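Residue numbers (the working numbering): 373 to 466. See structure below.
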Amino acid sequence: VELHLRTTAPAGAAGPGIEICVRDHGPGVPEEQLAHLAEPFFRPDTARTRSAGGVGLGLHLCQLVAHAHGGGLVVRNVHPGLAVTVTLPGRLHA
């Protein structure tokens, strides 16, 4: 798993932003399921077993928090793996 944090200047944004990206190197998710990953209680077919754990709320909660702070969440396949990117308005402070 990789974690990337950077300051951005989003297109059309009033000011700088923060981008947090978490990426794995697994098999990814079927394209037709990507748009549903942040829906509450959605779990891809490959994650529906009890042994995988989780109830399908993690990405939904991340999306709610991002939206509450004026940001967004994007999920995409990066071959190999999956990347989840949260963007937030604001600056990084040292």
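Every residue, glycine too, gets a C-beta built ideally from N, C-alpha and C. In this text the structure is predicted, and so the values were computed from the model without any measurement.
Check, Outcome
"Residues bridged to ARG463 [DSSP beta-bridge criterion]", "DSSP output for ARG463 lists no bridge partner at all."
"Cα-Cα separation between THR379 and GLY462, rounded to whole angstroms", "9 Å"
"Same chain only: Cβ atoms within 6 Å of GLN405, ignoring 5 sequence neighbours per side", "PRO416"
"For HIS441, three-class secondary structure by DSSP", "coil"
"Nearest to ILE390 (by Cα), restricted to the options GLY443, VAL450, HIS451", "GLY443"
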